[in-house]
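Numbering (this note's numbering), first residue to last: 21 to 231.
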């Protein structure tokens, strides 16, 4: 783990606990070794922080190209493991970077909707995560960030739920077809939806794991 990333986690845990009362459920589902793709919904600019605090290992996030326009900010997020992707352009370089991260046994973070939801509701999933999973035979770990209210707000509870890992076989991958990628992405999103529905119904009672 990058030293800056490790120090940041230590410093942020008490701050985020105080500001958002966040809880993590399902840590037992996290693979203990090997690379995997963490697929999450995306509601807030704080999502990478919530996800980072939910995992023991560093997450290398695929992030939109616009975030790298400011050189100082770009240097910071690169140090923290982010790398740019040009959305909607079939960015071969970004895909190659993602595959290399997984082959080295690291954790790749992808927001499966491809963009941040302005309403807090789940958006249609993109196929990129499924395509990378097939090409690397990587396990997919579905994760759902659910606030107590419609959107993430300070001094309001947030639940981060981690689902069971999904193999390429379970996702029906192997044919290399766009339709296959779309179907696999829907399966991942269905798991995220199921966690969202559960957590919306019981968010006040969920105790989860303590960081």
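For each residue, glycine too, the CB sits at the ideal point set by N, CA and C.
Here the structure is a predicted model, which means the values were calculated and not measured.
### Sequence-distant residues of the same chain with beta carbon closer than 6 Å to residue 103, five excluded per side
As a working note, residue 103 is residue 83 in the chain shown. Same-chain partners within the cutoff: 117.
#### Entry: Pick from 172, 127, 92 and 140 that is closest to residue 162, judged by C-alpha positions
By one-based count along the chain shown, residue 162 stands at place 142. Closest by alpha carbon: 127.
### Query
How would you call residue 145, buried or exposed, if buried means at least 16 neighbouring beta carbons within 10 angstroms?
Locating residue 145 in the chain shown gives position 125, where the first residue counts as 1. Around the beta carbon of residue 145, 16 or more other beta carbons lie within 10 angstroms, which makes this residue buried.
### Message
Tell me the rounded alpha-carbon separation between residue 197 and residue 205.
### Response
To locate residue 197, count along the chain shown from 1; it is residue 177. To locate residue 205, count along the chain shown from 1; it is residue 185. So the two alpha carbons sit approximately 12 Å from each other.
### Task
May I have a chain-ordered list of the alpha helix (DSSP H) segments no shorter than 4 residues that lie completely inside the stretch 53-116?
Fully enclosed alpha helix (DSSP H) runs of no fewer than 4 residues occupy 67-74 and 91-99 of the stretch 53-116, in order along the chain.
### residue 43, enclosing beta strand (DSSP E) - first and last residue
Against the chain shown, residue 43 aligns to sequence position 23. Boundaries of the beta strand (DSSP E) around residue 43: 43-45.
#### Entry: residue 27 versus 166, 100, 131 and 91, residue with shortest Cα-Cα distance
Stepping through the chain shown from its first residue, residue 27 is reached at position 7. Comparing Cα-Cα distances from residue 27 to each of 166, 100, 131 and 91, the minimum goes to 100.
### Message
Among the candidates 217, 53, 199 and 130, whose CA atom is the shortest distance from the CA of residue 152?
### Response
Taking the chain shown and counting its residues from 1, the one referred to as residue 152 is at position 132. Cα-wise, what sits closest to residue 152 is 130.
### Query
How should residue 35 be labelled, buried or exposed, when 16 other C-beta atoms within 10 angstroms of its C-beta is the threshold for buried?
In the chain shown, counting from the first residue as 1, residue 35 sits at position 15. Residue 35 comes out exposed.
### Query
Taking the continuous beta strand (DSSP E) assigned at residue 181, which residues delimit it?
Walking along the chain shown from the start, residue 181 turns up at place 161. Where residue 181 is concerned, the enclosing beta strand (DSSP E) stretches over 178-182.
### Task
Can you give me the start and stop residues for the beta strand (DSSP E) that residue 175 sits inside?
To locate residue 175, count along the chain shown from 1; it is residue 155. Annotation for residue 175: no beta strand (DSSP E) segment contains it, and DSSP assigns it neither H nor E.
#### Entry: Contact check, residue 73 vs residue 105, beta carbons under 9 Å
In the chain shown, the residue the question calls residue 73 occupies position 53. In the chain shown, the residue the question calls residue 105 occupies position 85. No, the pair does not count as a contact, with Cβ atoms beyond the cut-off.
#### Entry: Buried/exposed call for residue 95, threshold 16 Cβ in 10 Å
As a working mapping, residue 95 is identified with position 75 in the chain shown. An exposed status is given to residue 95, since fewer than 16 other beta-carbon atoms sit within 10 Å of its beta-carbon.
### Which of helix, strand or coil DSSP assigns to residue 129
Residue mapping note: residue 129 aligns to position 109 of the chain shown, counting from 1. The answer is strand: DSSP assigns residue 129 an E or B state.
### Query
Any idea what DSSP makes of residue 162, helix, strand or coil?
Your numbering for residue 162 matches position 142 in the chain shown. It is a strand residue.
### Message
Taking the alpha carbon of residue 168 as the reference point, which residue from 83, 32 and 63 has its own alpha carbon closest?
### Response
Here residue 168 refers to the residue found at position 148 of the chain shown. For residue 168, the nearest C-alpha among the options comes from 63.
### Query
Helix or strand or just coil, what does DSSP make of residue 167?
In the chain shown, residue 167 corresponds to position 147, counting from 1. Looking at residue 167 - three-state DSSP - the assignment turns out to be strand.
#### Entry: Simplified DSSP assignment, three categories, for residue 151
Your numbering for residue 151 matches position 131 in the chain shown. Of the three classes helix, strand and coil, the one that applies to residue 151 here is helix, per DSSP.
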